[in-house]
Amino acid sequence: MEGKQQKKYEIDMCEGPLLGKILLFALPLMLSGVLQLLFNAADVIVVGRFTGHEALAAVGSTGALINLLINIFIGLSVGTNVLAANYYGARKERQVSETVHTSVLTSLISGCILIVIGLFLAKPLLTLMGTPADVLDQAALYMRIYFLGMPVIMLYNFGSAILRAIGDTRRPLYFLLLAGIINVCLNLLFVIRFGMGVAGVALATVISQAVSAGLIVHALTASEGCFRLDLRKLHIYPARLKQMIRIGLPAGMQGAIFSISNVLIQSSINSFGSVAMAGSTAASNIEGFVYTAMNSLHQTSLSFTSQNYGAGKIGRINRILLLCLASVSVVGIVLGNGAYLFGRQLLSIYSSDPQVISYGLIRLAYVCAPYFTCGAMDVFVGSLRGMGYSVMPMLVSLTGACAFRVLWIFTVFRWSHTLETLFISYVISWVLTASVHAVCYCFAIRRLKRSRAAS
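Each residue of the sequence shown is one higher than the last, beginning at 37 in the working numbering.
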C-alpha cells in the first residue's frame, strides 16, 4: 500500500509528453516557494504594523546577509538534487541510497556550523554593512535567533531536494502549508500578545521550519525503495560527498558571491536612511513572490534535465529548456508587471507610511516589472547544471551579474547617487548574463551530442 501511495507522488520525467508534466511538477514548487516566503512576509507585515518601521527595517536588512552566509551550504542541496535525479534516471539504486544518507547527514553538520557563524558574526557583519544604529541591535537579535534554527532549515532544504529528484513536489507543499499556518499564528501570538518584537517573529520562523523539516524526515523514513531514509544508517559516503561538492559547491559559491553584491546594494540602500530601507524591504518582499514563482521553473529545468541526462535521453533536453523558458517568461511578465501596477495597494499591506510606499514603488518599477529576464537566466543555469556543468554557469553568472553590479556601484552609482540608478543595474545584469548562458548552452548541447554519437 505504501508503495502505491508513494508512486502517486512521483512524476515520470523520461517518458511521454513534457508540458503537462512540467506544469504538474512546477506548480506545487511554485506554491511551496510562496508559502516559504509567507514565513518572511508574516514577519515583515507583523513587525511593520505592530512594532514600527525600525523593526521592519531590522528584519529586512538581514536578508542579504543571511543569504550570504548560508548560500554555500544551500548550494550543496543542488548537488543532492542533480546527483539523486541522475542516479534515479539511470536506475542505480545503491547510489541513490548512498546519496540520500550522505545528504541528510551533511545537512545536519552544515546547520551546526551555521549556528556558530550566525551567533558570533551577526553584529560585526551588520555593522560592516553600515546598518543604522536605530536598527542594528534588533537586526542582530533577529539573526542570532534565526541561525539557531539552521539545522532544521538545512534538513528541510536537503530533504526536499531528494523528493524533487524523483518528481515529488506535492508533499513538500503540504508540509509547508501546515508550517506556514503555524508560523502566522505564532507571529501574532509572540508579537501582539507577548510583545516580543523581532525576537518573536524569528522564534516563530524557527519553530515552523522545525515542523516542516520533521515532516520531510518522516516522508523519507516511511518511503519504500532506493530513496528510503534509515536514520540508523546515516553515513557520509566519500564518493557521493565528492560528487555533491563538485556539482553543488560552484552553485553555492555563486549564490554566496551574488549575495556579496546584494550586501553592497543593501549597504547602498542603507545610505538613504531607515525609511528608504523599510520601503525597499517591503518591495523586495513582494518581488520575492514573483521570483519564487519563476524559480520553480529553474528547479523544474534542473530536475527534468538531470533525470533525462542520467537516462541518456538527450533529445528531450532541448524541449525541456524551450518549454521552461516559455513558461518562466509568461509567469514573470504577468506577475512582475502585476506587482508594479498594484504596487501601492500591495505596499500598504506592509506599511501605512506614505514615504515608505513611495520608496517601495521605485524598486518595483525598476526591478520587479522586468523580472522575467532573471527567470530566463535561471532556467538556462538549471539546464546547464542538469547536464553536469556547474563551474561554467558559475563563472558566467559571477562575471555578468555579480562583478557587473559591484562595478556599477563604484562607478555609475557614485556619479548618480539615486535609488533609480542603483536598481536599474539588476535588469542590465540579467540581460547580459542570460545572453551568455544561451551561448554556453548551445556549446554544451552540441558537445554532449558529439560525445554520445562517438560512444
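The beta-carbon is built from N, C-alpha and C at its ideal position, and this holds for glycine as well. Predicted model, so just to flag it, every value in this text is computed and none were measured.
Classification of residue i by the beta-carbon crowding that lies within 10 angstroms, buried from 16 upward
i           : result
residue 48  : exposed
residue 388 : exposed
residue 170 : exposed
residue 145 : exposed
residue 188 : buried
residue 496 : The question about residue 496 has no answer, for the chain in this structure spans 37 to 491.
residue 199 : buried
residue 379 : buried
residue 451 : exposed
residue 266 : exposed
residue 340 : buried
residue 324 : buried
residue 230 : exposed
residue 399 : buried
residue 354 : exposed
residue 454 : exposed
Simplified DSSP state of residue i, which is helix, strand or coil
i           : result
residue 487 : helix
residue 307 : coil
residue 322 : helix
residue 380 : helix
residue 53  : coil
residue 270 : coil
residue 264 : coil
residue 259 : coil
residue 46  : coil
residue 423 : coil
residue 203 : coil
residue 232 : coil
residue 135 : helix
residue 142 : helix
residue 128 : coil
residue 452 : coil
residue 476 : helix
residue 368 : helix
residue 169 : helix
Check whether residue i and residue j have beta carbons under 8 Å apart
i           : j           : result
residue 132 : residue 421 : no
residue 418 : residue 335 : yes
residue 135 : residue 272 : no
residue 416 : residue 372 : no
residue 114 : residue 284 : yes
residue 342 : residue 442 : no
residue 243 : residue 182 : no
residue 361 : residue 383 : no
residue 395 : residue 84  : no
residue 511 : residue 425 : Residue 511 lies beyond the residue range present for the chain, which begins at 37 and ends at 491; the question has no answer from this structure.
residue 263 : residue 120 : yes
residue 375 : residue 322 : yes
residue 96  : residue 328 : no
residue 108 : residue 292 : yes
residue 476 : residue 430 : no
residue 137 : residue 270 : yes
residue 163 : residue 139 : no
Residue i versus residue j: straight-line alpha-carbon distance, rounded
i           : j           : result
residue 493 : residue 124 : The question about residue 493 has no answer, for the chain in this structure spans 37 to 491.
residue 414 : residue 207 : 24 Å
residue 94  : residue 178 : 8 Å
residue 190 : residue 211 : 15 Å
residue 437 : residue 469 : 6 Å
residue 411 : residue 448 : 25 Å
residue 359 : residue 237 : 39 Å
residue 186 : residue 180 : 10 Å
residue 51  : residue 349 : 9 Å
residue 63  : residue 357 : 17 Å
residue 209 : residue 215 : 10 Å
residue 122 : residue 484 : 15 Å
residue 86  : residue 320 : 20 Å
residue 367 : residue 330 : 6 Å
residue 213 : residue 365 : 26 Å
residue 201 : residue 105 : 25 Å
residue 337 : residue 193 : 18 Å
Spell out a yes or no on whether the segment 295 to 303 and the segment 55 to 68 are touching, meaning 3 or more CB-CB pairs, one atom from each, closer than 8 Å.
-> no
Does the segment 155 to 173 come close enough to the segment 214 to 228 to have 3 or more Cβ pairs within less than 8 Å?
-> no
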